[in-house]
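Below is one structure; the comments refer to it alone.
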């Protein structure tokens, strides 16, 4: 006997769970909050995901995969990838929901406590760095990017800006100041 069939869409449940974790943080999200938000019972939660940690890690992996695929396709479709990268940073400033970067939040909240969370967040940041790196190399080859600085160093600088912007944005509620900071930081991409 295979057990009772699932009566919920696992992807939808993961997406709802991650939205809740993103808003509240992992540790501040209770099982009761999850059950209420997800609309499933405790047995279904534990049967499908084993525990809260696995729910988080599976949801995190799903979000990372979807987001990175979308991001990589967006940059690859642009005939000016550096301009697309720059516009991405300015779009972050315009976001109304200031929950920070889920991946960075995971690393800060949980990375020191649990190597599984740290590994998941670091993997995401490394994948993001590789997407930046690929576009920087492409842009240097086509002449869009004039700088002779190391593509690896430039990609790391963008990761630093990515993380810093998501944190600074939560502390500074001045979009013009944030735009000026981002513009200054992006001067390395000339």
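Numbering (our numbering), first residue to last: 120 to 309.
Think of the CB as a built atom: it goes at the ideal place given N, C-alpha and C, for glycine as much as any other residue.
For residue 223, the uninterrupted alpha helix (DSSP H) segment begins and ends at 221–229.
Residue 144: not part of any alpha helix (DSSP H); DSSP gives it neither H nor E. Excluding five sequence positions before and after residue 282, the CB atoms of its chain that fall closer than 6 Å to its own CB belong to 223, given in chain order. A distance of 8 Å or more separates the beta carbons of residue 127 and residue 149.
Of the candidates 207, 288, 221 and 256, 256 places its Cα closest to the Cα of residue 273. Linking residue 228 to residue 277 through their CA atoms gives a straight-line distance of about 22 Å. A check of alpha carbon separations from residue 204 across 295, 158 and 247 identifies 247 as the nearest. Between the beta-carbon of residue 225 and that of residue 179 there is about 7 Å, and that keeps the pair under the 8 Å contact cut. Sequence-distant Cβ neighbours of residue 181 in its own chain, meaning closer than 6 Å and more than five residues away, are 133.
In the pairwise beta carbon analysis, the stretch 280–300 is classified as not touching the stretch 232–242: fewer than three pairs are separated by under 8 Å.
Taking the Cβ atoms as the reference, residue 212 lies roughly 18 Å from residue 307, outside the contact range of under 8 Å. Close CB contacts of residue 174 within its chain, under the 6 Å cut and outside five residues either way in sequence, are with 136 and 168 (chain order).
The beta carbon of residue 251 is closer than 6 Å to those of 274 and 277 in its chain, skipping five residues each way along the sequence. Around the beta carbon of residue 147, a 10 Å sphere encloses fewer than 16 other beta carbons of the protein chains shown; the residue is thus reported as exposed.
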